[in-house]
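Under the UniProt record's numbering, the first residue of the sequence shown carries the number 1, and numbering increases by one thereafter. From the three backbone atoms N, C-alpha and C, an ideal C-beta is built for every residue, glycine too. From a predicted model like this one, the values you see are computed outputs, not experimental measurements. Notes follow the structure.
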Amino acid sequence: MAEKLTIANWAEEDKPREKLERLGASALSNAELLGILIGSGSTDESAVDLMKRILKDCDNNLNQLGKKTIRELTQYKGMGPAKAITILAACELGKRRALDKIGTRPDLGSSLSIYNYMLPKMQDLDTEEAWLLMMNQNFKLIKASCISKGGITETATDIRLIIKEAVLNNATIIAFCHNHPSNNPQPSKTDDVLTQKIAKACEIMRLFFMDHVIITDGAFYSYHDKGKL
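As structure tokens, this is what we get:
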């Protein structure tokens with residue numbers, strides 16, 4: 001029986017673990033870092049070559065890799081469930097590190113800051129989610145709440161719940177955001193109608209409706225920046 005091609009069989013200077021120890025993690029490619037995690041490939045290719053092939057199918061984009069399912073990853077020869085789980089766990093840790101860097105009470109005074117805060121939460125979702133960001137008068141986040149999942153129609157997104165959440169959390173400023181799994185940030189007519197309904201409700205309750213931001217992987221749409229709020 002043919003043996004798996006393992007990193008241990010490589011020349012010393014080519015082994016990613018030893019390379020990391022000598023040069024630091026930043027000197028390694030994404031495939032080399034992921035190769036360290038999975039340890040071995042198949043009888044036909046090493047762990048690093050396997051990860052190069054998978055990353056190529058993801059346009060060499062780690063965000064796209066993080067969207068893969070265990071079932072999709074295990075379609076590759078040499079990639080069993082344990083290795084697939086290890087890869088997805090690493091991608092999730094990367095997202096959480098990004099959130100930790102932002103902090104628990106970030107300043108969300110701009111559409112870009114809202115996008116940077118929400119992207120790690122939304123970039124891997126395959127269905128729509130709507131979130132409410134509640135802030136104090138200095139644009140510091142008080143609380144972020146998921147309002148609905150699966151779509152943002154008027155029935156799915158209860159405007160009364162938005163107002164109730166804001167009042168209960170003593171927010172003076174709110175922002176609404178949702179993702180477009182299609183990766184097209186342009187708003188729909190439904191988005192426009194919902195935005196105006198939220199704006200009207202906030203006006204009645206004397207809440208400052210700062211923005212409605214549509215999140216996609218790599219781009220966003222801001223109603224405030226476009227002059228529609």
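Let's see if you can read the secondary structure: which residues bound the alpha helix (DSSP H) around residue 179? First-last for residue 179: 173–179, but that is the beta strand (DSSP E), not the alpha helix (DSSP H).
Three or more C-beta pairs under 8 Å: does that hold for the segment 83–94 against the segment 54–67? yes
Let me make sure I understand the geometry here. Which of 213, 217, 100 has the alpha-carbon closest to that of residue 110? 213
Let me confirm a value: residue 72 is counted as buried when at least 16 other C-beta atoms fall within 10 Å, else exposed. Which label applies? exposed
Of all the options 119, 171, 192, 50, which has the alpha carbon lying nearest to the alpha carbon of residue 97? 119
Within 10 angstroms of the Cβ of residue 59, are there 16 or more other Cβ atoms? Answer buried if so, exposed if not. exposed
Beta-carbon spacing of residue 185, residue 208 below 8 Å: no
Buried or exposed: where does residue 204 fall if 16 or more other Cβ atoms within 10 Å of its Cβ makes it buried? exposed
Going by CA-CA distance only, name the one from 125, 56, 177 that's closest to residue 69. 125
Could you give the DSSP three-state label for residue 127: helix, strand or coil? coil
Per DSSP, residue 219 is paired with what? 216
Quick one: residues in its chain with C-beta nearer than 7 Å to the C-beta of residue 149, no 5 flanking neighbours on either side, listed in chain order? 127, 129
Going by DSSP in three states, residue 79 sits in which element: helix, strand or coil? coil
Within 10 angstroms of its Cβ, does residue 81 collect 16 or more other Cβ (buried), or is it exposed? exposed
Local conformation of residue 155 per DSSP, three classes: Per-residue confidence for residue 155 stands at a pLDDT of 46, beneath the threshold of 50, marking its modelled position as unreliable; the derived number appears in the next sentence. In the structure shown, residue 155 sits in coil (DSSP, three-state: anything other than H, G, I, E or B).
Tell me the rounded alpha-carbon separation between residue 134 and residue 121. 16 Å
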